[in-house]
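Here the structure is laid out as structure tokens; the discussion comes afterwards.
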Amino acid sequence: MDHLSDLDRHFVLHPATNLAAHQRQGPLIIERGEGIYVWDTQGKRYIEGLAGLWCVALGYGEDALVDAAAEQMRKLAYGQLFASRSHEPAILLSEKLAHWLPPTRSGDGPWRFLFGNSGSDANDTQIKLVRYYNNVAGRSQKKKIISRWNGYHGVTVGSASLTGLPVFHTHFDLPIEGILHTDCPHHFRHAEAGESEEAFATRLAANLEGMIQEEGPDTVAAFIAEPIMGAGGLIVPPATYFEKIQAVLERHDVILIDDEVITGFGRLGTPFGCQAMGMRPDTMTLAKALSSAYLPISAVAVPDWMHEAMKEPSDKLGAFAHGFTYSGHPVAAAVALRNLQLFEERDLIAHAARVGQHFQARLAALGELPFVGSTRGRGLLGGLELVRDVSAKRRFAAEDKVAIRVAALALERGLLVRALAGDTIAICPPLVITEAQVDELFDCLQSALRAFADETAR
Ligand code: PMP
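Take the position in the sequence shown, starting the count at 1, then add 7; the result is the number in this note's numbering.
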């Protein structure tokens, strides 16, 4: 262990980390990045196959973003949005976002943007908006939010409650009251033998309707979903899923919160994931690629009808009493605005759609390898699920930690990918990746999977 590794193990408490294993193994310390590549402190180069944590959309080392930050820091390093104060970066970013988003579902007015610093705090804001809106609308019973098993929405008390992964609840005394979880739309794992994607979607929508009826439609306010589940296992919903789910939501006056934290800003080859997956959201959660992660910033997109409903009540109370010191931080907002301008100047969504086709073809081809049970994704987002027995879809034993093993073999070969729950490997490179680099990525991953197959067959 070198000096930095020692210091790390002594002084850093790592999030989302096996704390015991970390003390044994120490950290992987990344020092610099350029485009889709990063280098560790030993000088070894890796393809950043997960764009950091699904966020560095524009790639590393983008001088235009550095300049935007430096310029804004010199001009006005901090400005607030509390009590009607404002500043140009937050205003122009909001206007830009309003043009990027699909029209509001009711189509009757503009989106407004409530800024935060992370996907988690933005989803907490969503929970608070659901409460505030229904309270001021005189429907104080209508508060429950339905999320899905394997959904990932963050780690704060509220957003971790939305997250449908037990490891984020155990020992944290979560979920909080009023958060429910319905089925995970994982056809490969949860469909009955011979059940088509459509039939599976119909069953899940019926289960959701059953849950709403059992709880009482007057008590259920919202449903939150990622267009494609990311951290919970890279799960693409079955055909017709959102169409059927939304019909249920509409019948019971339940709003749809679209968590675009991973899928927003071109990841699926469309501006937002909802457009690729047939969702018509009432509100949206944005983060990550909003600034390509050069600075932390998130946003909740609030439709006009919600703003209208809250306006007068906030007047009576004296304020809409929610927001952070750093809501719409001018430097983060200036960087996000420049980031979106670069997306436009470089036609990055069309690039992602085009290169995404090659990416999906290479991903699908991995399905031929031993122990690969399922490959799935859209655009430049993909996952593959490892199984002991492909025809029976039989899992490996949990203690085999096979996805972690494959990720380690990929790392040896200069590729960073993420091992997820459910023995799934996630791939989500910076959107600037070229077709040749997609080949480089998948050649590495294929080699890692072959090595895994060899050692497993032995
Ligand atoms: N929602 C989704 C869909 C996410 O993937 C994440 C993070 N991976 C979050 C919310 C939480 O974001 P953050 O880590 O910025 O709090």
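Backbone N, C-alpha and C fix where the C-beta goes; we use that ideal spot for every residue, glycine too. These numbers were taken from a predicted model, which means no experiment stands behind them.
ask   = Taking GLY59 as the reference, which of GLY165, TRP46, GLU78 and ARG155 has the closest Cα?
value = TRP46
query = Rounded to whole angstroms, how far is the Cβ of GLU267 from the Cβ of MET291, which I believe are closer than 8 Å?
reply = 5 Å
query = Roughly how many angstroms lie between the CA atoms of TYR301 and VAL63, to the nearest whole one?
reply = 7 Å
key: Proximity to TRP118 [Cα-Cα], best of SER127, LYS103 and ASN124   = The alpha carbon of TRP118 has as its nearest neighbour, out of SER127, LYS103 and ASN124, the alpha carbon of LYS103.
task = Classify SER125 as buried or exposed, calling it buried when 16 or more other Cβ atoms lie within 10 Å of its own Cβ.
result = Buried, by the Cβ-count rule.
query = Can you name, in chain order, every residue of its own chain whose Cβ lies under 6 Å from the Cβ of GLY429, other than the five neighbours on each side?
reply = GLY240
request  = Give the range of the alpha helix (DSSP H) segment to which GLU352 is assigned.
outcome  = 337-352
request  = Decide if SER398 is buried, meaning its Cβ has at least 16 other Cβ atoms within 10 Å, or exposed.
outcome  = Label assigned to SER398: exposed.
query = Which residues in the same chain have their Cβ closer than 6 Å to the Cβ of ILE264, if we skip the five residues on either side of it in sequence?
reply = If we look at ILE264 and ignore the five residues flanking it on each side, its Cβ neighbours are GLN133, ALA229, ILE231 and THR290.
request  = Confirm the yes/no value for this check: CB of GLY161, any heavy atom of the ligand PMP, distance under 7 Å.
outcome  = At least one heavy atom of the ligand PMP is nearer than 7 Å to the Cβ of GLY161, so yes.
message = Taking its Cβ as the centre, do 16 or more other Cβ atoms sit within 10 Å of SER113, making it buried, or is it exposed?
response = exposed
task = Alpha carbon to alpha carbon, how far is ALA77 from LEU83? Give it in angstroms, no decimals.
result = Here the C-alpha atom of LEU83 lies approximately 10 Å from the C-alpha atom of ALA77.
query = For GLY40, does the three-state DSSP call read helix, strand or coil?
reply = strand
ask   = How do the region 20-29 and the region 390-410 stand: do at least 3 beta-carbon pairs fall below 8 Å, yes or no?
value = Contact fails: fewer than three Cβ-Cβ distances are below 8 Å.
inquiry  = My assumption, with CB atoms under 8 Å, is that LEU448 sits in contact with ILE54. Please give the rounded CB distance.
reply    = 5 Å
key: Distance cut-off 7 Å: GLU233 Cβ against heavy atoms of the ligand PMP   = yes
ask   = Do the region 242-256 and the region 168-177 touch if we need at least three Cβ pairs shorter than 8 Å?
value = no
query = DSSP three-state call for ALA84: helix, strand or coil?
reply = coil
query = For the ligand PMP, is there a heavy atom less than 7 Å away from the beta-carbon of LEU60?
reply = Answer for LEU60: yes, Cβ within range of the ligand PMP.
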